[in-house]
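Heads up: the sequence shown runs through residues 1437 to 1778, numbered per this note's numbering.
Beta carbons: idealized from backbone N, C-alpha and C, even for Gly.
Take a look at the structure set out below.
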Amino acid sequence: MQVEGTGDQPCAMIELVRIRVDEAGDFNYRDSSRLWVSVVAGVVNNDNRWAAVEAFAAERRRRWDMRELKAADMNDAQLMDVARFIITEDLTVAAIATDSRIFTADAQREWRERQVAVFRAAAARSRRAVEDEDVKERVARLRRRMHQLRHVSQPNFLQYAVLMPWLLAHLISAALLSYSTLSATDEGWLIDVLMDERPGADPGKAGDVLRDSVEAIFASDDRTVLRMPAEWPTDHAFKIKNRDPEIAVVSARQVLAAGLNSGRSDADAGLQLADFVAHLVLTLLRDPDNRGAMLAWNALVRARRVMPTEDGWPIKAWAWPTDDVADEDGQRYECLLPSRPG
């Protein structure tokens, strides 16, 4: 996008990178005999592809008679059509998933207790939690509400405080690596993050707490460290602009200092593509023999449109780190590897 100059000043070019995030699944622990699955997925693109994304979504909605592009309502040919669009436009997608067998109710309770302790310790050390009124207010909300189920339910905690932070850091890394040649001027980068509204969490105090928790986790979990382009020098403008004042490194917390926004998927084409990716992963975890989802997912992976994890997996499977995952539970995620025949 171009920002107009004034007088004799030249116009400044600002590269806007858009990240869109959506979730799929029905995670809770009401019935321990049932497999509950939760998936959070995202799509990254820069501004010069946004018009194509909006045009594609609008045209396919008309052609397929849909109010919005919902992967759950697509046939196999339509799923592949969307996958081909993502590939053609060089968009980058990513996902993280878990289920009630590799991340049990007891594990989530223990995780939550540990996170609350980390938040409080980090707040006690932070100068900003004392000097910055906005940060001070967010910390106070976390202290009052984060540990209480009546404020943040188990499914919401799982999505926003466990899965979402890793995915957002991963998507930011994907943006940096995918668009590393964009303008290196001081104002050369803006990252716009939009998450699909979750009923019961947005708007209101629960939504505030969940967004607050994402930022706090970035400050305390080394799994959300950003991956930077190796060719960028230490004085690259993006690094200088986004260096965290407290820890002196570029962090997801600093990149997202302006906060996280939520919106409606029926009004945002990028959110509809994020829903598409989340649906593919969820479908394959429930039904690894679903041919339409398998073909579309394999196409994305083989075209290198899926941002791999640090370990080279197409997605992150989130398990309690101190427990051994049973073979049959780990094998559930093997359907997402690129080696399966199409």
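For asparagine 1482, DSSP records a beta bridge to Val1453.
Collapsing the DSSP output to three states places serine 1614 in a helix. In summary, serine 1536 is buried, with 16 or more beta-carbon neighbours lying within 10 Å of its beta-carbon over all protein chains present. Buried is the label assigned to alanine 1477, since at least 16 other Cβ atoms lie within 10 Å of its Cβ. Residue Gln1595 holds the alpha-carbon nearest to the alpha-carbon of glutamine 1544 among Gln1595, Gln1767, Trp1749, Pro1724. Taking a cut-off of 8 Å for Cβ pairs, the region 1510–1517 and the region 1698–1706 do not touch, as fewer than three such pairs fall below it. Approximately 4 Å separates the beta-carbon atoms of alanine 1605 and alanine 1688; this is inside 8 Å, confirming the contact.
A straight-line Cα-Cα distance of about 21 Å links serine 1701 and valine 1742.
With a contact defined as Cβ atoms closer than 8 Å, alanine 1533 and valine 1480 miss out at about 18 Å. When the alpha-carbon of isoleucine 1538 is set against those of Leu1772, Pro1774, Ala1755, the nearest one is in Ala1755.
Sorting Phe1712, Val1661, Ala1666 by C-alpha distance to the C-alpha of aspartate 1632 places Phe1712 at the top. Between the C-alpha atoms of proline 1724 and proline 1774 there is a straight-line separation of about 13 Å. Under DSSP, no beta-bridge partner is assigned to glutamate 1495. Excluding sequence positions up to five before and after glycine 1461, its CB lies within less than 6 Å of the CB of Val1473, Ser1474, Val1475, Leu1718, all in the same chain and listed in chain order. Using a 10 angstroms sphere on the CB of alanine 1513, the tally of other CB atoms stays under 16, which defines it as exposed.
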